Each structure stands twice: as C-alpha cells, then as structure tokens.
C-alpha cells in the first residue's frame, strides 16, 4: 500500500504532504493534535450555529402568514436541525461526544454564529434570513466542501445539496413583499437595513486579524479567507437586491471596474465585538432557551437509557 | 349518489356564529363541506400544535421526527381545505378558510387543540389520536367520494408510521424511569376524557353515512379501547376509567386555549388583511 | 456453512463514503476483514474496509415501505425547483 513510506518520515510532514496534495484526511489517520482541536472547534461551532439558528426563524413557524409558508418554514427549520445532526456526527469521529459539545455550548466555551443573536421582528426577517444569511452560509459552505477532513467535507456536500431550497424560499418570500403594498415594501426594506451588516460580519474579522485563519488555511480546513468569501457574497448579492428594488444600507457600496468587484464600506467592528462577546440583543435568550429545552428533555433521555438497560439485563 | 340540492350556504359562517349543527339533517352538499372542513380543522390545529416542538424536543433526532409528523398534518389540512374551497366554488381560498374564521367556526375536536404540554402529554395525545386515525382513515379510504378517499389513503400511510412512533414512545416512557412513568400516566389521566368525542357522530356525518361518503366513527370505539388497553398495560400503565367526557369542538364550542392558538396563527392575516404573502 | 455472515463496506478513495460491496462468511470480525481484503479488493478497489455482522444490521422492511417512504413524496417544497425565481436573478 502507498501508506507504508509515510510512516518512515516525520508524521507531521507526511500529513501536510497529504493535505497539500488534496488527499482527504479520514478519522483513523494520524493527525496533529492542533488539527484535531481546530477541527473540533470549527465543526462544533458550525453545528451549534445550525441548531441555535433554528430559533430566530422558528420564532415565526406558528405565525407564518399562509399554510404553504408555514409548511415551508417548518421544513426549512427542520433541515437546520438535520444539518446540526450531520455536523455533530462529523465532529464525533474526532473523539468528542455530542453531549460534551452541547455542554461546552451551555457553559459558554463554544461559540455559534453571532448573526443568530439578532431578533426576527417581522415576517420579512424570515425572508431576509433565508435569502441573505443562507446565501452567506452557502458561500462559505461551498468552499468547505473541499475541506481536508473527509467527514466534514461529506457533511458539507450533503448540507449544500439541501440548502439549495433555503435561499430560494427566502428570496421567494421577499418577491411579493417587494412588489406588494407600501407596508410590505417598508417591511422588506426595514429587514434589509437591519440584517445587511450583521450578515457581512458572518464572515468574521479581516484576514489580517483572524486568529485561527493562517493555520486553518495551511491545513486546508478553511479553503478561502474571510475577506475573499465576504467579497464573493457581496458580488453575487447586490444584483439580487437590485432586482427586488431593495436598497443596500451602505453609501460606500459601488462597482469597481478596475477590481471587477464591488467596493463597500467598513463594518462596525465594535458592534461585532459586542455581539460576539455575548451582549447582543438575544445572546442570553438563545442560550437560555437551548439549555432549557435540553434540561427539560433530560427525563426523556433518561427514560430511554433506563429502557435499554432493562432490555439488556432482561 | 342522490343529486344534491345546492344550497347557497355551502360554506360555514365566516366570522359569526355558525348555525347549530347538532340537530336535523343537512342537505348533503352542505354536509359534505362541513364534514371536510372538520377534518381539515382537526389536521391544522394539531399540525400547528406539533410545530411548536420545533427546536424544543428532547434531542435532535426527535426534533426532526416530530416536525415530520407536524408536516404530515399540515399537508392533510391543505388537501382538505382545498377541497372545501372547491366545493364552495372557489369563493374562499385555502388560506381564507385556514386563517380567517373565529373560534366558533372551527370544527376541530377538542383533543387536537389542547396545549402540547410536556413530552409525555404530547406523546400520550399522539398515541390516542394515531390509534384512532389509522383505522379511521383506512375506512375513509373506501369512501364513495373519490376525493376524500384519496386524501384518506395518503393519511393511512402517514398514520401507520405515526402510530409506530407514539406507541414506541409510550412503551418507553411507561417502562422507563419512575419519573417518566408518572409523567406519562398523568398525561393519559388528563387527556382521557377528551377521547370519546373522537367517536361521536356529528350531524353532517350522519347525513353522509348512507351514501357511504362518511364512515361510522362510533363503531370504532370498542376496538380503539381494547388497543389502548393493550398498549397501556404493556407500558405498565393504568388505563383511566370513563368517569368523564368533554365535547363541543364539532359545534364550535372550544377550550379557552383555542382562541390563543388562533390569535398566534392568524396574526399576519389579521394585521395585514388582503395581502399576498 | 455455520460461520456468521458479514457485510463488507469499502472506501475506494479518500474523501468518499464507504460503500456496500457484498458479504462473506468468517469466524469473527478480524477474519472477516482479512477475507474482505482478499475477496473484494484484489484490484486495488479499496483504501479502507469496514465489516459489520449482518445480524447487527437493522433494516427497514419492504412491507413498511408505503408508510416509511411515501409520506415524503407529497412535499415538493423541500426541493429548490419548487421555487420560481425569475431567470434574470443569478446565483440562487
């Protein structure tokens, strides 16, 4: 087998060579401890984001305006739970348990995407999340399909396939609003105004300030930098906003012929830090609600375990 | 089928108090709309309740599974309402039927509208309604009305799976820990008296019985009771006695929870009337 | 043959899932793995093999298929094609 010669060399060099040659790393392969830790951090953070991300949209399932929208939204939020499940499973191949990861989330050691700390105030927010937030997530996830860790990459491929309906349903929610009554247009524009900048923040700090960035790129856990992904997102989204007739709340946004990209204004990094450090409008409620549901489910999980135990000893 | 005299009132009162339905025989076309509407309301109200679990279930796998059940119910509601809409000549859309009636005009049985409560409460209700729905829709799938038969045939497949799930959960919770046993037992005790309403024949159903459009619910009660008894005893639970029974849903007389359910569900249609979403 | 049956799964390339390729009889897992190598990867088909005792596999039943799978075929909204996006809107 071709693996034999690898064991004769320095394992870390062999590992890096594999990564450099676009050969996927699989669960039982040797890997540097830092790679494992970095992956656990990123995949679990990604999983938590899917699961916490159920809350802002889930907030509107019982109030969706039509039966069709209700079914779509429930199916969509259900998909997010599924994505959380795939990602927790991918992380579990690295030797952590789901219970550990959820514990770390509740104790505040693990993060999730800060975007979900903003409230969904109107129905238009549901459309804007599907369109903007999911588009931003997809830009990131498409690049992650090529991540170096096999189980993570496979989870991403599956997730991207399922996500394809999410952003389209979001855009489709906004179409009748954008061409609807004055109230509906105002509702859509207001949602745009509130979600645009937080969406840009989803890609994280500038490359020059990113803590995990360089190592993640070297190990090909991440495939594109924060700034590259943010630019990709803006370039594809501006024409969509124009189609809807929604103004993007950035006076500095304009097409730069020379660069072949849109220029845009500076993100309010103070706001970013405030929300990341736990002081956004909904941070406390999101965590509290997740940990309450988990706590309230404990007796059910306990009953399942007791039942299995009885079966085993019977 | 006997050609029906098409009455102007093929749809129930909009926001007002519906005419009394218990007494007398309705002309069959009107009865048909009432009958299908009631089945739609049962589905919508339970679908709405189950969707409240999204993001709150005891663990992720169950969160996904319970959303699937909710989607089955919402899908059923959509099919029944579409038929009601067509029976009324399209004067009211599916969403007008679903969202623009007040509590008195909803015909769902009370058991469907009760709050989800804890997981035991939810699963006890599921077992009771699933064990009813499976044989009910199986019979209804042989309805002489092809449209109803087709919706029912689809529902049979869904309910067969729902029942497997709820049965399994009741067994686990009953035979799990002391705490889970106590919780599921008290759930059955609290819900039991809402079940007889599932077997009561409303006026519209009586009117549709001879033509084979509707089926006789009351004939299903004995089998249901013995099935419940079997499952509950396997789950080491006590089957509650028949000391009490509450009904009213088919006549639009609901629990006080119903108004809040509607207030939440109808918010958008009420706050922004007449718009497309 | 009295030996238990094992199901064999082979990963043909890093990054791909293990795929079911067939089954064989062996006395235990370790032996099943060796036989799997000889029986199923003679032409360089594999980079990794999993074996699972057939009796440990819990499978859905054919007679359940209608209630297991049909309920998902009237939910077209789960598919991207359900949503009509004007052709001039790109990247959605």
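Chains as they are written, first to last, in the working numbering: chain A, 374 to 687; chain B, 17 to 293; chain C, 10 to 101. C-beta: ideal position from N, C-alpha, C; glycine also. A quick note: this is a predicted structure, and the numbers were derived from the prediction, not measured.
Would you kindly work out how many angstroms separate the C-alpha atoms of residue i and residue j, rounded to a whole number?
{"i": "residue 38(B)", "j": "residue 257(B)", "result": "Residue placement at residue 38(B) is poorly supported in this model, since its pLDDT is 44, which falls under 50; the coordinates are not used for a value here."}
{"i": "residue 48(C)", "j": "residue 27(C)", "result": "16 Å"}
{"i": "residue 108(B)", "j": "residue 119(B)", "result": "18 Å"}
{"i": "residue 176(B)", "j": "residue 146(B)", "result": "8 Å"}
{"i": "residue 557(A)", "j": "residue 549(A)", "result": "8 Å"}
{"i": "residue 59(C)", "j": "residue 41(C)", "result": "9 Å"}
{"i": "residue 161(B)", "j": "residue 230(B)", "result": "9 Å"}
{"i": "residue 669(A)", "j": "residue 72(B)", "result": "9 Å"}
{"i": "residue 509(A)", "j": "residue 592(A)", "result": "23 Å"}
{"i": "residue 677(A)", "j": "residue 637(A)", "result": "53 Å"}
{"i": "residue 249(B)", "j": "residue 156(B)", "result": "29 Å"}
{"i": "residue 211(B)", "j": "residue 68(B)", "result": "22 Å"}
{"i": "residue 253(B)", "j": "residue 392(A)", "result": "58 Å"}
{"i": "residue 68(C)", "j": "residue 90(C)", "result": "31 Å"}
{"i": "residue 38(C)", "j": "residue 32(C)", "result": "12 Å"}
{"i": "residue 102(B)", "j": "residue 282(B)", "result": "22 Å"}
{"i": "residue 471(A)", "j": "residue 412(A)", "result": "14 Å"}
{"i": "residue 105(B)", "j": "residue 659(A)", "result": "46 Å"}
{"i": "residue 444(A)", "j": "residue 451(A)", "result": "10 Å"}
Rounded to whole angstroms, how far is the Cβ of residue i from the Cβ of residue j, which I believe are closer than 8 Å?
{"i": "residue 23(C)", "j": "residue 399(A)", "result": "6 Å"}
{"i": "residue 87(B)", "j": "residue 448(A)", "result": "6 Å"}
{"i": "residue 648(A)", "j": "residue 462(A)", "result": "Rounded, the Cβ-Cβ distance is 29 Å, inconsistent with contact."}
{"i": "residue 271(B)", "j": "residue 116(B)", "result": "Actually they are not in contact, since the Cβ atoms of residue 271(B) and residue 116(B) sit about 21 Å apart, beyond 8 Å."}
{"i": "residue 224(B)", "j": "residue 47(B)", "result": "5 Å"}
{"i": "residue 561(A)", "j": "residue 497(A)", "result": "5 Å"}
{"i": "residue 70(B)", "j": "residue 532(A)", "result": "Contact flag wrong, Cβ pair sits at about 19 Å."}
Apply the 10 Å Cβ neighbour rule to residue i and answer buried if 16 or more other Cβ atoms are within range, or exposed otherwise.
{"i": "residue 521(A)", "result": "buried"}
{"i": "residue 394(A)", "result": "exposed"}
{"i": "residue 514(A)", "result": "buried"}
{"i": "residue 315(A)", "result": "Lying before the first or after the last residue shown, residue 315(A) is absent from chain A, which here runs from 374 to 687."}
{"i": "residue 21(B)", "result": "For residue 21(B), the predicted model reports a pLDDT of 39, less than 50, meaning its position is unreliable; a value from the coordinates is still stated below. That one is exposed."}
{"i": "residue 627(A)", "result": "exposed"}
{"i": "residue 286(B)", "result": "exposed"}
{"i": "residue 84(B)", "result": "buried"}
{"i": "residue 407(A)", "result": "exposed"}
{"i": "residue 70(C)", "result": "exposed"}
{"i": "residue 266(B)", "result": "buried"}
{"i": "residue 276(B)", "result": "exposed"}
{"i": "residue 672(A)", "result": "buried"}
{"i": "residue 417(A)", "result": "buried"}
{"i": "residue 657(A)", "result": "exposed"}
{"i": "residue 456(A)", "result": "buried"}
What are the boundary residues of the beta strand (DSSP E) that includes residue i?
{"i": "residue 226(B)", "result": "That residue, residue 226(B), is in no beta strand (DSSP E); it is neither H nor E in DSSP."}
{"i": "residue 58(C)", "result": "57-62"}
{"i": "residue 18(C)", "result": "14-20"}
{"i": "residue 291(B)", "result": "Element bounds for residue 291(B): n/a, residue is neither H nor E."}
{"i": "residue 636(A)", "result": "634-636"}
{"i": "residue 628(A)", "result": "627-629"}
Which stretch, first to last residue, makes up the alpha helix (DSSP H) that contains residue i?
{"i": "residue 443(A)", "result": "440-465"}
{"i": "residue 111(B)", "result": "110-115"}
{"i": "residue 84(B)", "result": "76-103"}
{"i": "residue 501(A)", "result": "496-501"}
{"i": "residue 698(A)", "result": "As displayed, chain A neither begins before 374 nor continues past 687, which places residue 698(A) out of reach and without an answer."}
{"i": "residue 513(A)", "result": "507-517"}
{"i": "residue 558(A)", "result": "555-574"}
{"i": "residue 28(C)", "result": "Run containing residue 28(C): none in the alpha helix (DSSP H); it sits in the beta strand (DSSP E), 28-34."}
{"i": "residue 45(B)", "result": "44-67"}
{"i": "residue 285(B)", "result": "283-287"}
{"i": "residue 656(A)", "result": "656-669"}
{"i": "residue 201(B)", "result": "194-207"}
How would you list, in chain order, the residues of chain E whose beta-carbon sits under 9 Å from the beta-carbon of residue i?
{"i": "residue 527(A)", "result": "Absence of chain E from the displayed structure is noted, the protein chains being A, B and C."}
State yes or no: is the C-beta of residue i nearer than 6 Å to some heavy atom of the ligand HEM?
{"i": "residue 436(A)", "result": "The ligand HEM is absent from the structure shown, which contains no ligands of any kind."}
query = What residues in the segment 64-96 of chain C have a beta carbon less than 7 Å from any beta carbon of chain B?
reply = 75, 76, 77, 79, 80, 83, 84
ask   = Given a limit of 9 Å on CB to CB distance, which residues of the segment 666-679 of chain A reach chain B?
value = 666, 667, 669, 670, 671, 672, 673, 674, 675, 676, 677, 678, 679
task = Compile a chain-ordered list of the residues in the segment 538-560 of chain A whose CB is closer than 7 Å to at least one CB of chain B.
result = 549, 553, 554, 556, 557
message = To be precise: take each residue of the segment 440-456 of chain A, compare its Cβ to all Cβ atoms of chain B, and keep it if any distance is under 7 Å. Which residues remain?
response = 440, 442, 443, 444, 447, 448, 450, 451, 454, 455
query = Going along the segment 498-530 of chain A in order, which residues come within less than 7 Å of chain C, judged by CB to CB distance?
reply = 523, 526, 527
Interface positions of the segment 107-130 of chain B facing chain A (Cβ-Cβ less than 7 Å), listed along the chain = 110, 111, 114
message = Residues of the segment 182-208 of chain B in Cβ contact with chain C at a cutoff of 9 Å, in chain order, please.
response = none
ask   = Taking Cβ-Cβ distances below 9 Å as the criterion, which residues of the segment 35-67 of chain C are in contact with chain A?
value = 56, 57
request  = Would you list, in chain order, the members of the segment 81-105 of chain B that have their beta-carbon closer than 8 Å to a beta-carbon of chain C?
outcome  = 84, 87, 88, 91
task = Check each residue of the segment 219-230 of chain B: if its Cβ is closer than 8 Å to any Cβ of chain A, include it; give the result in chain order.
result = none
query = Any residues in the segment 383-402 of chain A with a beta carbon nearer than 7 Å to a beta carbon of chain C? Which ones, in chain order?
reply = 396, 397, 399
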